[in-house]
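The structure under discussion appears below in the form of structure tokens.
2 protein chains.
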Amino acid sequence: MTDANRSLPVPAYVVLGMISLGAQSGYEIKQGVERSIRFFWTISQAQIYPSLQRLEREGLITGREVPTGRRRRRIFEITDAGRAELRAWLAGTEPIPFELRDVGMLKLFFADLSSSSDAQELLEAVRCRSQERVDTLTAIRPDAAEIAAQGAGHPLLTLEMGIAFHQAMVDVCASFAAEHFPAASTGPSGKDNER
Amino acid sequence: MTDANRSLPVPAYVVLGMISLGAQSGYEIKQGVERSIRFFWTISQAQIYPSLQRLEREGLITGREVPTGRRRRRIFEITDAGRAELRAWLAGTEPIPFELRDVGMLKLFFADLSSSSDAQELLEAVRCRSQERVDTLTAIRPDAAEIAAQGAGHPLLTLEMGIAFHQAMVDVCASFAAEHFPAASTGPSGKDNER
DNA sequence: TTCGTCATGTAAGAAGTTACATGATTTC
DNA sequence: GAAATCATGTAACTTCTTACATGACGAA
């Protein structure tokens, strides 16, 4: 039972990884995810507790009861087997698919069917969205830099990837807007409802 | 029945959009998706046929039977109501979430737990993946540019976003590699298994 | 005549989400 | 003592994927 069929679903590795970084409870795992990886991975709270149970059953984490009134509360620690499993997953060389599902780009793709002003508004919405992300991530950067100075440089790496690709999206939006909607420099303005 | 509850699931808009661009059958829709939008949206073949049925039921497309032996084959056209629905969706101003689920970035986030050489290999794998995407998209670009010259500029826009996005990832990977693994300029080489 | 590609569909199940139920603890 | 927040869990549902079944048609 201890060495069950290897290779867990990805959310289980997220849970395992968060515990290895110090998260103790399901609640803390969810918080950790929101704080650090939500820009490229999300997990719903309802997924966490079944994952914890499975990881414990497979001996990758150990939980202990913390008595609080008559409601159970459990805190977890990663085991040596868990750390080994996590490292093995990180070292795996299977091809890593890149999955992006973006309604924004999807709408932009079809935007030739829209009126010019609707297309312009959409482009602006997509640009703003990425600009906001750039701002949010840039604000977090000093924290990540400090963690990097303490030896863990990879969270800063993923943060910088996020900043870079959203900045790239902003730039493409801006240059397309400049070429196709030269009149308005800041967002849609007139009712130039051609087409 | 004709004006049922508006706002369809996103995959239905993909199907509707592809039909509006000239795809006639379920098969052609799937092909069109693979050719043009798979970099930011995918749809499985099994999703397409139920979507077609629903769209027809709601009067957004019309299908007609093309007799082929004793197996039915149907081809579809978008209706005026369908075009209106698609435009309304494109014009909708609800906030557009950006959803990225990337195992590559996820692994990189946790990569401080790996050995230095495993981390380096992972970084290289992520860099290659994006470089390949850049190359693939760049190869398609002339086609998209021609379509843009014929009046539909937005497919080229999304293509350029994809190129810029992945180029940004490549650049961040390269600069991180240069800083942290200065010895190896082309991928992991030695067995410097520290940590 | 067999293989590859065009083509349509279903069935089963995995994966993930939302909403809800419950209770503890802290803060005002 | 009310509200906010910490905390755990379940149930119902939707969504999506994989795998399979079926068949037409053209080329080798």
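Protein chains in written order, with our numbering: chain A, 1 to 195; chain B, 1001 to 1195. We put the beta carbon where it would ideally sit given N, CA and C, even for glycine.
Does chain B have any CB closer than 8 Å to the CB of residue i?
| i | result |
| --- | --- |
| residue 192 of chain A | Any reading at residue 192 of chain A must be qualified, since the residue scores a pLDDT of 47, below 50, and its modelled position is unreliable; no value is offered. |
| residue 20 of chain A | yes |
| residue 90 of chain A | yes |
| residue 114 of chain A | yes |
| residue 15 of chain A | no |
| residue 139 of chain A | no |
| residue 30 of chain A | no |
| residue 68 of chain A | no |
| residue 26 of chain A | no |
| residue 135 of chain A | no |
| residue 125 of chain A | yes |
| residue 43 of chain A | no |
| residue 176 of chain A | yes |
| residue 10 of chain A | yes |
Taking 8 Å as the CB-CB limit, is residue i close to chain A?
| i | result |
| --- | --- |
| residue 1142 of chain B | no |
| residue 1099 of chain B | yes |
| residue 1061 of chain B | no |
| residue 1084 of chain B | no |
| residue 1155 of chain B | yes |
| residue 1171 of chain B | yes |
| residue 1079 of chain B | no |
| residue 1187 of chain B | Any answer about residue 1187 of chain B is weak, because its pLDDT of 47 lies below 50 and its placement is not dependable; what the coordinates show is given next. With 8 Å as the cut-off, residue 1187 of chain B does not count as an interface residue toward chain A. |
| residue 1103 of chain B | yes |
| residue 1160 of chain B | yes |
Could you give the residue range of the beta strand (DSSP E) that holds residue i?
| i | result |
| --- | --- |
| residue 181 of chain A | Looking at the DSSP string, residue 181 of chain A is not in any beta strand (DSSP E), and its letter there is neither H nor E. |
| residue 1098 of chain B | 1098-1102 |
Decide if residue i is buried, meaning its Cβ has at least 16 other Cβ atoms within 10 Å, or exposed.
| i | result |
| --- | --- |
| residue 1195 of chain B | With a pLDDT of only 44 at residue 1195 of chain B, under 50, the local geometry of the prediction cannot be trusted, and no value is derived from it. |
| residue 1127 of chain B | buried |
| residue 155 of chain A | buried |
| residue 160 of chain A | buried |
| residue 1181 of chain B | buried |
| residue 158 of chain A | buried |
So residue i is in the alpha helix (DSSP H); what residue range does that whole segment cover?
| i | result |
| --- | --- |
| residue 1197 of chain B | Past the edges of chain B, shown from 1001 to 1195, lies residue 1197 of chain B, and the structure says nothing about it. |
| residue 1012 of chain B | 1010-1020 |
- Query: At a cut of 8 Å, does the region 77-86 of chain A reach the region 36-54 of chain A through at least three beta carbon pairs?
  - Reply: No: the two stretches stay apart, fewer than three of their Cβ pairs being nearer than 8 Å.
- Message: Quick check on the DSSP output: what are the complete alpha helix (DSSP H) runs of length 4 or more inside the region 26-82 of chain A, in order along the chain?
- Response: 26-36 and 45-57
- So, do the region 26-46 of chain A and the region 108-120 of chain A have three or more beta carbon pairs nearer to each other than 8 Å? no
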